[in-house]
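Under the numbering used here, the first residue of the sequence shown carries the number 54, and numbering increases by one thereafter. To keep things clear, I will list the structure first and then write my remarks on it.
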Amino acid sequence: MSRLTRLLDRFPLPRRLFPSPAPARPTPAPHIARRPPTALTGTDLVRSFGSGENQTYALNGVSVEFRQREVNLLMGPSGSGKSTLLAVLSGLLRPGGGSVAALGRDVWRMGEDEMERFRLRHCSYIFQGYNLFPALTAREQLEIVLKWGEGCPSREARKRADHVLGQLGLAAKSHLRPAELSGGEKQRVAIGRALVKNPTFVFADEPTAALDWENGRQVMRLLAENARERGAMVLVVTHDPRLVPLADRVFELTDGRLTRDGRADATPPPARKGPRLHLQLPQAATA
Ligand SMILES: Nc1ncnc2c1ncn2[C@@H]1O[C@H](COP(=O)(O)OP(=O)(O)OP(=O)(O)O)[C@@H](O)[C@H]1O
Ligand SMILES: [Mg+2]
């Protein structure tokens, strides 16, 4: 036995200096590793408007399933029921039949207060019209969500707001009000406002419709990257087929029925680095 070994025996050094090799981790089966858990399910959803001769069925028995960390597009012709489905799935419009389960809970069986809390905690909405407060700066639009929604202290709210604005490439614009921002910048602020609370679900109804293609693509890309990074399920209604490559799954509605259910779209786009990105709901669908 060498002198050094004898010394080490008498004065053992902390274990962290000589870590034992890490045990080999079992490799998960690839099909299990790739499939994130189900986050939101709609079953046999029916919704009509009007009555008698004027009754229109916007949803005619739609069953659909969305997974965490996935970006989903909802497409289809005008009047096919997209905004109605988004509103029903997101807790804004009560269906006439069927059920919605989110995080294992039956959404439309919740009481009003419980539903309000659920939406506040888990859901974010982005709409075409941005819906920003005209009097607030970009930073304040995000801060207010954290202060009102979570009771977040001012200093922390400011830090989190600045962090998200930075990710969206808006650090230099955080002091500007909506009237001083371009359309693409306003939509990025709206996305920041949606994502700053780390929602479980992001619902967007035509978030890029008012933007030119470059801005629209950037907004969609930032929304998708951010949502994936934060583990959110994202559902985007769009008419624009050019957004398809940015999504994990594509669903299509025709006359209130699902004609494409997203199962075939299993190729997530490659992760990209860059700036990153919230939602609004259709007024008509909430009526
Ligand atoms: N509040 C409402 N009152 C009466 N009918 C409604 C209402 N909201 C929607 N509808 C009807 O339900 C059907 C589906 O409407 P919805 O807004 O969901 O379509 P959409 O796919 O979002 O269309 P678009 O692409 O034009 O936005 C349409 O026939 C529409 O007229
Ligand atoms: Mg619509």
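For glycine and all other residues, C-beta sits at the position ideal for the given N, C-alpha and C.
For residue 103, the Cβ falls inside the 7 Å cut-off from some heavy atom of ligand 1.
Distance from the Cα of residue 174 is smallest, within the candidate group 188, 255 and 192, for 255.
The C-beta of residue 241 has 16 or more other C-beta atoms within 10 Å across all chains shown, which makes the residue buried. Judged by DSSP secondary structure, residue 227 falls outside any alpha helix (DSSP H); it is assigned neither H nor E.
Under the three-state reduction of DSSP, residue 314 is assigned to strand.
Take residue 281, set aside five residues on each side of it, and the residues of its chain with a beta-carbon closer than 6 Å to its own are 122, in chain order. When C-beta atoms of the region 213–220 are compared with those of the region 128–140, fewer than three pairs fall below 8 Å, so the two segments do not count as touching. Relative to ligand 1, residue 280 has its C-beta separated by 7 Å or more from all heavy atoms. In the three-state reduction of the DSSP assignment, residue 286 falls in the strand class. Restricting attention to 126, 172, 295 and 93, the CA atom closest to the CA of residue 315 is found in 126.
Counting only residues of its own chain and dropping the five nearest sequence neighbours on each side, residue 110 has a CB closer than 6 Å to the CB of 101 and 309.
Nearest C-alpha to residue 209 among 180, 225 and 192: 192. With 16 or more other CB atoms across the displayed protein chains lying within 10 angstroms of its CB, residue 259 is buried. The C-beta distance from residue 117 to residue 311 rounds to 6 Å, short enough to meet the 8 Å contact threshold. Residue side-chain check: residue 141 keeps its Cβ at 7 Å or more from all non-hydrogen atoms of ligand 2. Between the alpha carbons of residue 229 and residue 202 lies a gap of roughly 23 Å.
Taking C-alpha positions only, residue 129 is separated from residue 145 by approximately 21 Å. Residue environment for residue 284: exposed (fewer than 16 other C-beta atoms within 10 angstroms of its C-beta).
For residue 218, the uninterrupted alpha helix (DSSP H) segment begins and ends at 207–220. Bounds of the alpha helix (DSSP H) holding residue 137 are 135–142. For residue 251 and residue 262, the gap between their C-alpha atoms comes out near 24 Å.
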